[in-house]
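For what it's worth, our numbering labels the leading residue of the sequence shown as -15, then goes sequentially. Here's the structure we're looking at; comments come further down.
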Amino acid sequence: MKNVNYCWSFVVILFLLFTSCSKDEADVSGPEVQDTFQLQFGTLLNDFESQTRQQISEDPLECRDAEPSYVLVALTDAEGNWVADMDPTGEGATTADFIKVDIVNNGGSWETKYSEMLGLPAGTYQLQYFIVYSDDDQVLWVAPREGGTYASSVGDPLPQEIILEAGTKPYIEVDVLCFIEREEEAYGYIFFDINAIAIENNYCIFVNYCDDQTGREYPANFQVDIWGDAFDGSEVILGGEMNSVSGEGNSFAATVLCVPLPPLEDGEMYYVRVTVLSAGAYTASALDIYEFEITQAMIDAQLGATPRYEHIRINCDDDGSVPVDSDQDGIPDNEDNCPNIANPDQEDEDENGVGDVCETGVDDDGDGVPNDIDECPDTDPGVEVDEVGCESIQVPGRDMVVLNDANIFDARAMEDPDNVQFVKNLINFTTTGIRNSGTTFMFDFGRASSCVFCTGEWSTMRSLVENQGFTISDISSTSGSLTSIPSDVKIIMLVMPNVQYTVAEINTLKQFSSEGGRIIFMGEHDGFYGSGIPIENQFLINMGAILFNSGGALDCIQNGNYPELPASSNRVHPIMEGVNGLTIACASVIEPGEGDFPLFYDSTNTFVLGGVAKIDTAPISELKQVTRTKFRQSNAKLHNASSTTGY
């Protein structure tokens, strides 16, 4: 069937209105007395299809039908500080850590009311988060952020720059999409799971119904009944709860239904009956029901599944012989001991009817993370893992550090004690594998490197490396020559290459990484290394990394002075331990992906300038090609774009 998407897109226009310090002073006559600006938001509703052709869900999900009541916003200033000290990303943060602004319907346009918190002084700000709620505290619309799957569904995802200055009235458009429950990560709002949208002990269901009369498959209107003792038992947990639908014919859409449930004890289960209800698009039979049981392990497992709801197809036998198999493991749901997580072997060690992969507490790979939350169930023995059972990005070695500013290691920057500590952290680490005992730092200035002169520029840094007990080895690789790495090498730095790496070379570096070695890739801003950025990204993707260099030129030298990043730009990682700030001079932007870790941001605490990624050490048989061709345009006015410092 064709999926019909009835989500909407909303264009949010920010109106920046000028006021004086006091809201009540009415005799302000011009910008010469202007010292604060009242930031006001307005919304304009547009059809989703007119905004984008990209579907934001495989299912025809309906947007919530409710009037907006208020918005939660979060902004940072030019120093990266949260406006009004409202930081929604901190540990233990809640919706109270956003700026809340009521909205009203002004002649068909939704606009925010006056807010003292949005009376801001002149300056540059970043709109970081924007969420629209109904009066019953349900999320209606969300502005996607960079890094989320839905970011590509809008023209300009957050964060967005807002410049408040005298004599201007800028209008800034912000695209928002209707919110689909349990797909928070796709919007780039990871913290929703624990804060902004409280996910309790609930279970979510979505139903498709195949109508015999029309021969078509529809998103269904349905009701759910749940018992705690037996089907049609005396212990009624939920009775007649229904989802909502809209439209008719080919324009029929339905919502996911999520129901809160009391937690179950071991051995207990709920008995669930789903009944299809007749709707405008089809006529259901009284026999169109689906019954199943759920345990607490299944409720817990649903939060880690994709999609995070039970997807049921009723009266949809297709050719009459294909039953529903939600996790596509070859076992029909009515026979599968873990229907939402693929487990074709159906292993059930304690024979309690719940598959081991759904069982709380079972840990097949022995990494200390139970199967029901382990996202990497085959981790090698002895490897340190994170909270979801995957090799921790915090574990040194077996990683790749990406830096896009050569000046971080030049003599001038190395006068900064923080830069010295940064170098020490890069090279002094304990890892797993044979490379742990290595004492050689290899620099590769070959492949038509854009920075062959860096050997001299980095003399102070290289002396520090030697003083830390390492031997420096300089090589100049050519295409196809880097197929063997001496056993005493622990760190390799690839310095701005302009020649692509071969399959054999990629696999050699993967093997080096699997043995505990660290790879450092040194790039630069696009004015200096522009032609080499595709080579960098080609290398990163073939090493299994997700992060890439998106170009640009940030924090460049100004008036002969190197910028010093504030401590707020740093992130917690062993490489940044003891580093309070960093001196740099013109860097391009790194776009991290899932599993990557930012090391430090720019001076506005908005864009990633240094990061680390885990390497996929599995060998490749052919090179992947970079499909991204559009790169960030630098807004910096560089005195000398052909210089690494931009000056």
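Where a beta carbon is used, it is the ideal one built from N, C-alpha and C, also for glycine.
**OP:** Report, in whole angstroms, the separation of the C-beta atoms of P328 and D313, which I expect to be a contact under 8 Å.
**Re:** For the purposes of this step, residue 328 is identified with residue 344 of the sequence shown, where counting begins at 1. For the purposes of this step, residue 313 is identified with residue 329 of the sequence shown, where counting begins at 1. That belief holds up - the Cβ atoms of P328 and D313 are roughly 5 Å apart, short of 8 Å.
Original post:
Is DSSP giving M398 helix, strand or coil here?
Top reply: Reading the sequence shown from its first residue, position 414 is the one you call residue 398. In this structure, M398 counts as helix in the three-state DSSP scheme.
Original post:
What is the C-beta distance between V573 and V592, in whole angstroms, given that I count them as a contact (C-beta under 8 Å)?
Top reply: As a position in the sequence shown, residue 573 is number 589, starting the count at 1. As a position in the sequence shown, residue 592 is number 608, starting the count at 1. With 8 Å as the limit, V573 and V592 qualify as a contact, their Cβ atoms being about 7 Å apart.
Original post:
Going straight from the alpha carbon of G500 to that of K598, what length do you get?
Top reply: For the purposes of this step, residue 500 is taken as residue 516 along the sequence shown, with counting starting at 1. For the purposes of this step, residue 598 is taken as residue 614 along the sequence shown, with counting starting at 1. Cα to Cα, G500 sits roughly 11 Å from K598.
**OP:** Can you have a look at T198 and say buried or exposed, based on whether 16 or more other CB atoms are within 10 angstroms of its CB?
**Re:** For this step, residue 198 is matched to residue 214 along the sequence shown. With fewer than 16 other Cβ atoms within 10 Å, it is exposed.
**OP:** Would you mind giving the Cβ-Cβ distance between D195 and Y274, rounded to the nearest angstrom? I have them listed as a contact below 8 Å.
**Re:** Stepping through the sequence shown from its first residue, residue 195 is reached at position 211. Stepping through the sequence shown from its first residue, residue 274 is reached at position 290. About 16 Å separates the two Cβ atoms, so there is no contact after all.
Original post:
Between N321 and the rest of its own chain, which residues show a CB-CB distance below 7 Å, the 5 nearest in sequence each way excluded?
Top reply: In the sequence shown, counting from the first residue as 1, residue 321 sits at position 337. Excluding sequence neighbours, N321 sits near Q330, D332, G337, V338 and G339.
Original post:
If you run the structure through DSSP and keep just helix, strand and coil, what is L271?
Top reply: For the purposes of this step, residue 271 is taken as residue 287 along the sequence shown, with counting starting at 1. DSSP, reduced to helix, strand and coil, places L271 outside both helices and strands of the structure shown, so it counts as coil.
Subject >> Own chain residues within Cβ distance below 7 Å of A638, not counting five before or after >> reply: Here the chain comprises residues numbered -15 to 631, so residue 638 is not present and cannot be evaluated.
Original post:
Is the Cβ-Cβ distance between L607 and N526 less than 7 Å?
Top reply: Mapped onto the sequence shown, residue 607 falls at position 623. Mapped onto the sequence shown, residue 526 falls at position 542. Yes; because the gap between Cβ atoms is below 7 Å, this pair is in contact.
**OP:** Quickly, what does DSSP pair G295 with across the bridge? List them, please.
**Re:** Taking the sequence shown and counting its residues from 1, the one referred to as residue 295 is at position 311. Looking at the sequence itself, residue 295 is His, so the reference to Gly does not match. Note: H295 is bridge-paired with F190 in the DSSP secondary-structure output.
Subject >> L493: first and last residue of the uninterrupted alpha helix (DSSP H) it sits in >> reply: Along the sequence shown, one-based indexing puts residue 493 at 509. Start and end: V487 to S498.
Original post:
Cα separation between E252 and Q286?
Top reply: For the purposes of this step, residue 252 is taken as residue 268 along the sequence shown, with counting starting at 1. For the purposes of this step, residue 286 is taken as residue 302 along the sequence shown, with counting starting at 1. Rounded to whole angstroms, the separation of the alpha carbons of Q286 and E252 is 17 Å.
Original post:
Residue range of the beta strand (DSSP E) that V126 falls in?
Top reply: Taking the first residue of the sequence shown as 1, we reach residue 126 at position 142. Run containing V126: V123 to V126, per the beta strand (DSSP E) assignment.
Original post:
So which of S553, L56, G76 and Q495 has the shortest CA-CA distance to M101?
Top reply: Looking up residue 101 in the sequence shown gives position 117. Out of S553, L56, G76 and Q495, L56 has the C-alpha closest to the C-alpha of M101.
Original post:
Among T467, T423, N403 and V479, which has the Cα closest to the Cα of V436?
Top reply: Here residue 436 is taken as the residue at index 452 of the sequence shown, counted from 1. Closest by C-alpha distance to V436, out of T467, T423, N403 and V479, is V479.
Original post:
Would DSSP call I469 helix, strand or coil?
Top reply: On the sequence shown, position 485 is the one that residue 469 refers to. I469: coil per DSSP, three-state reduction.
Original post:
Between Y141 and the rest of its own chain, which residues show a CB-CB distance below 7 Å, the 5 nearest in sequence each way excluded?
Top reply: The sequence position of residue 141 within the sequence shown is 157, counting from 1. Before going on, a small fix: residue 141 reads as Pro here, not Tyr. Here the set comprises P128, R129, E130 and A135.
Original post:
Nearest to L241 by alpha carbon, out of E225, P247 and D250?
Top reply: For the purposes of this step, residue 241 is taken as the residue at position 257 of the sequence shown. Answer by Cα proximity: E225.
**OP:** Inspect the beta-carbon positions of I559 and L531 and report whether they are closer than 7 Å.
**Re:** Your numbering for residue 559 matches position 575 in the sequence shown. Your numbering for residue 531 matches position 547 in the sequence shown. No, the Cβ-Cβ distance between I559 and L531 is not below 7 Å.
Original post:
By DSSP, does L241 sit in helix, in strand, or in coil?
Top reply: Against the sequence shown, residue 241 aligns to sequence position 257. In the three-state scheme derived from DSSP, where H, G and I count as helix and E and B as strand, L241 is classed as strand.
Subject >> Backbone secondary structure at I221 - three-state DSSP >> reply: Against the sequence shown, residue 221 aligns to sequence position 237. I221 falls in the strand class under three-state DSSP.
Original post:
Taking the Cβ atom as the reference point for each residue, do I83 and A68 lie within a distance shorter than 7 Å?
Top reply: For the purposes of this step, residue 83 is taken as residue 99 along the sequence shown, with counting starting at 1. For the purposes of this step, residue 68 is taken as residue 84 along the sequence shown, with counting starting at 1. Result yes, Cβ atoms of I83 and A68 sit closer than 7 Å.
Subject >> Delimiting residues of the alpha helix (DSSP H) encompassing R502 >> reply: Taking the first residue of the sequence shown as position 1, residue 502 is located at position 518. First-last for R502: R502 to M506, but that is the beta strand (DSSP E), not the alpha helix (DSSP H).
Original post:
Do F505 and V386 have their C-beta atoms within less than 7 Å of each other?
Top reply: For the purposes of this step, residue 505 is taken as residue 521 along the sequence shown, with counting starting at 1. For the purposes of this step, residue 386 is taken as residue 402 along the sequence shown, with counting starting at 1. At a Cβ-Cβ threshold of 7 Å, F505 and V386 count as neighbours.
**OP:** Report all residues from its chain with a CB closer than 6 Å to the CB of F429; omit the five preceding and five following residues, and keep chain order.
**Re:** Sequence index remark: in the sequence shown, residue 429 carries index 445 (1-based). V436, S460 and V479.
Original post:
Roughly how many angstroms separate the alpha carbons of S34 and S553, rounded to a whole number?
Top reply: The residue given as residue 34 occupies position 50 in the sequence shown. The residue given as residue 553 occupies position 569 in the sequence shown. Model confidence at S34 stands at a pLDDT of 33, short of 50, so the residue's coordinates are unreliable and nothing is read from them.
Original post:
Where V229 and E277 are concerned, what is the direct C-alpha to C-alpha distance, given to the nearest angstrom?
Top reply: One-based indexing of the sequence shown puts residue 229 at position 245. One-based indexing of the sequence shown puts residue 277 at position 293. C-alpha of V229 to C-alpha of E277: approximately 25 Å in a straight line.
Original post:
Along the chain, where does the alpha helix (DSSP H) that runs through L446 open and close?
Top reply: Stepping through the sequence shown from its first residue, residue 446 is reached at position 462. The residue you asked about is not Leu; residue 446 is Arg in the sequence shown. Residues S443 to N451.
Subject >> Residue range of the unbroken beta strand (DSSP E) whose run includes A597 >> reply: Stepping through the sequence shown from its first residue, residue 597 is reached at position 613. Run containing A597: V592 to K598, per the beta strand (DSSP E) assignment.
**OP:** Could you tell me if V116 is buried or exposed, where buried requires 16 or more neighbouring beta carbons within 10 angstroms of its beta carbon?
**Re:** Position 132 of the sequence shown holds residue 116. Counting other Cβ atoms within 10 Å of its Cβ, V116 reaches 16 or more and is therefore classed as buried.
Subject >> Per-residue DSSP class, three states only, for L248 >> reply: Stepping through the sequence shown from its first residue, residue 248 is reached at position 264. L248: coil per DSSP, three-state reduction.
Original post:
Taking the alpha-carbon positions, what's the G528 to E578 distance?
Top reply: As a first step, residue 528 is located in the sequence shown; it is residue number 544 there, counting from the start. As a first step, residue 578 is located in the sequence shown; it is residue number 594 there, counting from the start. When only Cα atoms are considered, G528 and E578 end up about 12 Å apart.
Original post:
CA-CA distance, V449 and G595?
Top reply: For the purposes of this step, residue 449 is identified with residue 465 of the sequence shown, where counting begins at 1. For the purposes of this step, residue 595 is identified with residue 611 of the sequence shown, where counting begins at 1. Approximately 21 Å between the Cα atoms of the pair.
Subject >> Cα-Cα separation between M282 and D586, rounded to whole angstroms >> reply: Here residue 282 refers to the residue found at position 298 when the sequence shown is read from its first residue. Here residue 586 refers to the residue found at position 602 when the sequence shown is read from its first residue. Each residue's Cα considered, the two are about 43 Å apart.
Subject >> Buried or exposed (CB count within 10 angstroms, at least 16 for buried), T658 >> reply: Absent from the structure is residue 658, since the part of the chain shown begins at -15 and ends at 631.
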